[in-house]
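Worksheet for the structure shown next.
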Amino acid sequence: MMAKKIIKASRVERASRVAKVEVEAEETVKKQRAPKDLTTLRGFRDVLPEEEPYWNRVRDNARQLAEYYSFGRLDLPLLEYADLFQRTLGKATDVIEKEMYVFTDPSGYDVALRPEATAQTVRAYINHGMLNRPQPVKLYYEGQMFRHDRPQAGRYRQFNQFGFESIGEADPIVDAQLIVIGERFFRDLGLNVVVEINSIGTSETRKAYVMELVSYFRGFRKNLSEDDKRRLQKNPLRLLDSKEPYMAELLKDAPQIVDWLDEASKNHFMKVLEFLEEIEVPYRLNPHLVRGLDYYNRTVFEMYLAGETSSEASQGALLSGGRYDGLVEMLGGREGTPACGFACGMERVVSALKEAGVDPNPRFQPRVFFAQLGDAARRKGLRLFEEFRAEHIQVAEAFGKGSLKAQLEVANKMNAAYTIILGQKEVLDGTIIIRDMDSGAQEIVDAGKVVSIMQKRLVL
RNA sequence: GCGGCCAUGGUGAAACGGUUAUCACAGGGGUUUGUGGUACCUCUAUUACGGGUUCGAUUCCCGUUGGCCGCCCCA
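Using this note's numbering, read the first sequence as starting at -9 and increasing by one per residue.
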């Protein structure tokens, strides 16, 4: 009896397992790509050496600013418990609802590739007891983020952000200085941006405002598009930056969030604006600016390329941020810990740099080429190469090539100013040839002195 | 997630449904033994993948995948 039951159960179990495997196999086949079709995943890309100079400029610039304004570098993991983001970003946001790379790791935990780094930064602040450091704790990060949304202009599934976060100080000067840093970042790169700014108050005043907003738009419900109806349901604040053409008219008489701010938030906002005026950072008040993630309160801001407004920017904001005074507490940190920060989309900055024709300053530009003939020369050359390196002179080579002609071709293509040529004869004589690539003039010098001679030549 | 446009070598393009799929550039190798920026020769594509229509498909149709763009959302 017992045995029969077991057999029965196991048969059923086996059957379902087989069915499952079949379903899985079918899915796998469907998703698998032809072996010849060797590409990256959708929305993921390789950055090739030619593009790297732009990235270096962006990264260097951000790092220098971080150093100057005393933001400590914080490197964070790419993978976190999924829960960290689910708790903080807001249940109704797309980032949580459908864009996160969530999976079960081999230990059985629900983990997620980070879609952004602010929640992580706060997690690290709490984890490492940073409340015991002098406040505010100023942190800077950069790295890859992951969101599974549809690739588009300036939008990738893996993208890079750098961010500045200041945790533990409520004074509006923090907000203002962060905006200054952001604006300076672009100015240093030769990009003109416009700062858009707004205040969304506290979560309580926002709630009251949202109710008012909803009741206002309910009156026009039948005029609204499907998208806007959905916003009305799910995320009414989004109605404010809806791109529907009829919206401009409707918004004219709609309640304004600034009118609903509590006294403290209003004061805070005024002070931020005063600081900005003091330091002469041009800004544009945008009463319809709301941020997508739930943790923001009071000051919110975004930066766009000059000449573009938020509604027409082809790839959205280059940088955005704001205050998030409730987040530390929400994650279990000390009650009432204030914070403010921003994140910048580096892909968008790189593309703006290219668009603007900014010179990226390639770093690797060797001006000396070493050409060799024969095994003895190659052996010597390998050594000589190291001697140049010790003197910090960049030398290019093509040790793999045999003929002098081929090597000179390479030297020419890379625009070398000089080629030093070492052949059988020179090895025996202890000499070496220096060829000026512009004039074609050559001179034979003592092999032992070539490094110091080149050193002098390159200074001129 | 929804919609529009698109898909030929490393790159940019060409080929009325009919030969060994053409051209330019880039790249590799060479034009007899040690000299580049000019020449010549030569090599590098099962036309994204899968299916269908057809005597015959790079060309027409469907699906998949991917890219660009708009929406949603966001950096």
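Just so you know, even glycine gets a beta-carbon here, dropped at the ideal spot from N, CA and C.
Residue i vs residue j beta-carbon contact at 8 Å
i: Ala407; j: Arg357; result: yes
i: Ala342; j: Ala107; result: no
i: Pro141; j: Gly33; result: yes
i: Ala82; j: Asn225; result: yes
i: Leu321; j: Thr78; result: yes
i: Val170; j: Leu227; result: no
i: Arg104; j: Glu159; result: no
i: Leu203; j: Pro245; result: yes
i: Ser232; j: Asp243; result: no
i: Ser255; j: Thr327; result: no
i: Val184; j: Ala346; result: no
i: Val340; j: Tyr44; result: yes
Residues of its chain near residue i, where Cβ-Cβ distance is below 6 Å and the 5 sequence neighbours each way are ignored
i: Phe259; result: Ser189
i: Arg338; result: Gly144, Gln305 and Leu308
i: Asn276; result: Glu186 and Asn188
i: Tyr199; result: Ile247 and Trp250
i: Ser193; result: none
i: Arg288; result: Ser189, Ser255, His258 and Arg313
N-terminal and C-terminal residue of the alpha helix (DSSP H) that residue i is part of
i: Glu292; result: Element bounds for Glu292: not the alpha helix (DSSP H) but the beta strand (DSSP E), Asn287 to Leu295.
i: Leu374; result: Asp365 to Ala380
i: Ser205; result: Ser193 to Arg208
i: Gly172; result: Pro162 to Asp178
i: Phe265; result: Glu253 to Glu268
i: Asp249; result: Segment: none, Asp249 is in no alpha helix (DSSP H) and carries neither H nor E.
i: Arg123; result: Element bounds for Arg123: n/a, residue is neither H nor E.
i: Ala401; result: Leu394 to Lys403
i: Val85; result: Asp84 to Glu87
i: Val449; result: Val440 to Val449
Of the listed residues the options, nearest to residue i (C-alpha basis)
i: Glu425; options: Leu418, Asp419 and Val435; result: Checking the sequence, you will find Arg at residue 425 rather than Glu. Answer by Cα proximity: Val435.
i: Asn51; options: Leu251, Val441, Gly172 and Met404; result: Gly172
i: Arg49; options: Phe175, Leu74 and Ile169; result: Phe175
i: Asn182; options: Gln432, Leu79 and Val271; result: Val271
i: Val262; options: Val290, Asp284, Phe389 and Pro245; result: Val290
i: Val348; options: Gly180, Asp217, Thr78 and Lys446; result: Gly180
i: Pro428; options: Lys403, Leu103 and Ala437; result: Here residue 428 turns out to be Asp, not Pro, going by the sequence shown. Asp428 has its Cα closest to that of Lys403, out of Lys403, Leu103 and Ala437.
i: Leu31; options: Glu264, Thr327, Tyr146 and Glu234; result: Tyr146
i: Phe75; options: Gly335, Ala102, Glu41 and Asp365; result: Ala102
i: Asn351; options: Asp36, Glu42 and Asp84; result: Glu42
i: Ala388; options: Glu381, Glu264, Leu398 and Glu376; result: Leu398
i: Tyr58; options: Arg211, Gln148, Asp36 and Gln167; result: Gln167
i: Glu239; options: Leu222, Phe207 and Ser255; result: Phe207
i: Lys344; options: Glu40, Ile157, Asp161 and Lys233; result: Glu40
i: Leu55; options: Gly80, Arg35 and Glu155; result: Glu155
Terminal residues of the beta strand (DSSP E) in which residue i lies
i: Ser189; result: Val183 to Ser189
i: Lys128; result: Val127 to Phe136
i: Arg313; result: Leu309 to Arg313
i: Thr421; result: Thr421 to Asp426
i: Asn150; result: Gln148 to Ile157
i: Phe75; result: It is not in any beta strand (DSSP E) - Phe75 instead sits in the alpha helix (DSSP H) that spans Ala72 to Thr78.
i: Pro100; result: Note on residue identity: the sequence assigns Asp, not Pro, to residue 100. Per DSSP, Asp100 belongs to the beta strand (DSSP E) from Asp100 to Leu103.
i: Leu230; result: Premise fails: Leu230 is in no beta strand (DSSP E) and is neither H nor E.
Cβ-based neighbour list, residue i, same chain, cut-off 8 Å, excluding 5 preceding and 5 following
i: Val440; result: Leu374, Ile410, Ile422 and Ile424
i: Gly438; result: Gly420
i: Ile443; result: Ile424 and Val435
i: Thr18; result: Here the model assigns Thr18 a pLDDT of 38, short of 50, so the residue's position is not dependable, and the following value carries that caveat. Nothing meets the Cβ criterion.
i: Leu317; result: Thr78, Thr108, Ala109, Val112, Tyr285 and Ala329
i: Asp445; result: What sits at residue 445 in the sequence shown is Gln, not Asp. Taken in chain order, the residues that qualify are Glu381 and Ile383.
i: His138; result: Gly33, Lys88, Glu89, Met90, Tyr91 and Arg147
Cutoff 7 Å; reference residue i; Cβ partners in own chain excluding five residues on either side
i: Arg123; result: none
i: Met336; result: Val48, Asn150, Gln151 and Phe152
i: Gly413; result: Leu363, Gly364 and Ala367
The ligand MN heavy atom lying under 7 Å from the CB of residue i
i: Arg123; result: For the ligand MN, the structure offers nothing, since it holds no ligand at all.
Is there contact here, the stretch 308 to 319 with the stretch 172 to 192, by at least three beta-carbon pairs under 8 Å? yes
For the stretch 85 to 99 against the stretch 119 to 133, are there 3 or more C-beta pairs whose distance is under 8 Å? no
When the Cβ atoms of the stretch 363 to 371 are set against those of the stretch 413 to 421, are three or more pairs found closer than 8 Å? yes
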